[in-house]
Each structure stands twice: as structure tokens, then as C-alpha cells.
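To convert, count from 1 in the sequence shown and add 1046; that's the working numbering.
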Amino acid sequence: MGPVDLGKLRVHKIFELDSGVPMPVALPGVTAADLARMKRWHDDPAEFAATPEDSQMIFGVHSWLMEVDGLNILIDTCDGNHKNRSIADVHQLDTRYLDGFAAVGIAPEQIDLVLCTHLHFDHVGWNTRLDNGRWVPTFPNARYLFSRRDFEHFRDTNEESDHAAAFLDSIVPVMEAGLGEIVEADIAVHREIADGVWLEPAFGHSPGCCTIHARREGPEALFWGDVVHHPIQLVRPDLPFFFDMDIAAASATRRRVLERAADGDITCFPAHFRSTSAGQVRRDGDVYRYEFVPG
Ligand SMILES: [Zn+2]
């Protein structure tokens, strides 16, 4: 797909991989009626059967690369190569993710800013790459911003998880290289007159997750991170998603963000929708539907 242009913003998608989960595992409580309602505006026979029990939720994993005012800003950095993880789909990957940068003509050395919506393993992995047995920053000339609440949570946790492993191999080496900065979840990272790039708190899926917003002489771009994982959550924003750490807070955040997206001139950039991924939220009765930007 080509880039999405919004005023003076240009947004490219950098693809890493697709990964499937049985629908009843990922979203317990979703019904055949919910599925049928989503299929009116979004269908993919490879993913969706007549019932949730026979359906997959396939998640795309990709980064968003935004050009604004001569800056190259990378949002979320996927799983990364050669990392040890408990989930087979992302363990010891060897993908051609970095080729995506060559395809859009922006080298990793030209990235100015790396923003992670949150610090789960599938959003920080390419912060680092393996170089002679050591993890080094993949984007050596960038500032990397990490939200304080997530940073402190995953720094201080005693749990053995892929998120904790990712903190050690994808966050700590960036801090040690002097490229990391801990920020609050409500800061402006780039501001020109009235427009700019800024973070807003979107806590729930993780303790410190945020949405990332940008506007430059045009409509707003809204980078969702994992506030919404899959289009079927527009039909059922109330349902718990299996990776949400605080289910009630995640659901409240999802409803708030969807409502705002439906009411404004906003193009959304979800972290895990497939196809062109980007699109607009529209109201559909008492819930929502999604209009993907054309491919
Ligand atoms: Zn994610």
C-alpha cells in the first residue's frame, strides 16, 4: 500500500508479520451475531467462519513511520529478530522487517524519534538488533521515548513474561546507549504553532499505554496502539480482550477513543488491523464500524 497523506503528514506502514489466535480465546463472549454484524462491512474468508468457534483473529504486526516537518517518527517497533520469547509465533524471528524502510526510502539511521504506545513485547522489539552477540539500538540517531508508568511497571515486575524479557533486551540497551527518555503519557513531543505530535493517556491494556496524535495543516492522525486490536471490537467494545492487563480500564478507554474517533475528522492507525489497517470510525447504531482507507 502507498502512504497515507493527511495535510502535511505522510504515514507509511512497515509490515512485520501476521499471527492468528482462535477467536474464543482472544475475545471470550463474542457471538455469531457479532460476527455477522462485522461481516456487513469487513469480511475475510481466511479469518472468519459462521461462528466464533471456527474463526481466527489474525493480527497484523507493523510499525507506522510518519514524516512531518522534515522529521521521521517511528511509532511502535513490532517483535524484532532473534529474540527469545515463550510464544512460538514470535520466538527467534528472522523477518525482513528492515527491508520496509528501504522500500519507502528512509534508512534506520534517518529515524529521529521512536515512540512506543506501550512497552509490550510486540511494540518494542525492533528498538534493538543483535550485533556480535549484543543488543544495540536499531535506530542509532533517534531519541526513544518511553512512558513512565509502563517503564516503571516492567522495570519493577518480578513476573517472568515476554514483556519482562522485552524490557531487558529492547529497552535497557537503549537506555544504556543514552538514547532513551522517560516521559509522562500526556506530553507534546513536537509542536509547531497549533499543530503537532502529542501523547494522550490510554491506560488499561497496559499500566502506562498512550495514544499518539498528530496534525499538520489537515485532519488528525490517531495512532491507537492496542486500544483496539481487531475490527470486531468496534461491534463489541465492551468485551474483555485476553491481553488487556486491566480489563475494565481498557474497555472504558476503548469506548472513549472510539467515540472521539467517530465524532472527529480523524484517521486511525491501529497497531494490529490487517489490510490497509488505517481508516475511519463511523457510528453503526449503538456501536461502530470501520472504513479502511483504500489499498
Ligand atoms: Zn500489541
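Every residue, glycine too, gets a C-beta built ideally from N, C-alpha and C.
Measure from the alpha carbon of proline 1098 to the alpha carbon of each residue in Ser1109, Asp1080 and Leu1111, then state which is nearest.
Asp1080
Neighbourhood of ligand 1 [Cβ distance below 6 angstroms to any heavy atom], ordered by chain position:
Counting every residue whose Cβ lies closer than 6 angstroms to a heavy atom of ligand 1, we get His1166, Asp1168, His1169, Asp1272, Ala1317 and His1318.
Out of Gly1116, Arg1142 and Ile1121, point me to the one whose CA is closest to asparagine 1127's CA.
Arg1142
Mind checking whether alanine 1317 and aspartate 1122 have CB atoms under 8 angstroms apart?
Their beta carbons are under 8 angstroms apart, which means alanine 1317 touches aspartate 1122 by this criterion.
Restricting to runs no shorter than 3 residues, where is the beta strand (DSSP E) found entirely within the segment 1065 to 1140?
1102 to 1114 and 1117 to 1121
Do the segment 1226 to 1242 and the segment 1283 to 1298 meet, that is, are 3 or more Cβ pairs less than 8 angstroms apart?
no
Would you kindly check if the distance between the Cβ of leucine 1073 and the Cβ of phenylalanine 1287 is under 8 angstroms?
Going by C-beta atoms, phenylalanine 1287 is nearer than 8 angstroms to leucine 1073.
Option in Trp1087, Phe1319, Ile1228 and Asp1284 with minimal Cα separation from arginine 1302
Residue Asp1284 is the option with its Cα nearest to arginine 1302.
To test your reading of the DSSP string, which unbroken beta strand (DSSP E) runs of 3 or more residues are found completely within the segment 1141 to 1209?
1159 to 1161, 1174 to 1177, 1180 to 1183 and 1189 to 1193
Cβ distance (whole Å) where tyrosine 1336 is taken to contact alanine 1308 below 8 angstroms
That pair is no contact at about 10 angstroms.
Mapping the DSSP letters down to three states, classify aspartate 1232 as helix, strand or coil.
coil
Collapsed DSSP secondary structure at valine 1273 in the structure displayed
coil
Have a look at Asp1145, Gly1151, Thr1174 and Asp1089 and flag the residue whose alpha-carbon is nearest the alpha-carbon of glutamine 1102.
Ranking the options by Cα distance to glutamine 1102, first place goes to Asp1089.
Neighbourhood of proline 1277 by C-beta distance below 7 angstroms, restricted to the same chain and skipping five residues each side:
Met1084, His1088, Phe1319 and Tyr1336
DSSP three-state call for leucine 1280: helix, strand or coil?
helix
Measure the alpha-carbon distance for serine 1207 versus histidine 1251 and round it to whole angstroms.
Taking the straight line from one Cα to the other gives about 15 angstroms.
Report yes if the C-beta distance between isoleucine 1217 and valine 1170 is below 8 angstroms; otherwise report no.
Yes, they are a contact pair.
Could you check where the alpha helix (DSSP H) with proline 1219 kicks off and where it finishes?
Run containing proline 1219: 1218 to 1222, per the alpha helix (DSSP H) assignment.
What are the residues that DSSP puts in a beta bridge with glycine 1226?
Bridge partners of glycine 1226: Tyr1190.
Alpha-carbon spacing of threonine 1313 relative to arginine 1195, whole angstroms:
27 angstroms
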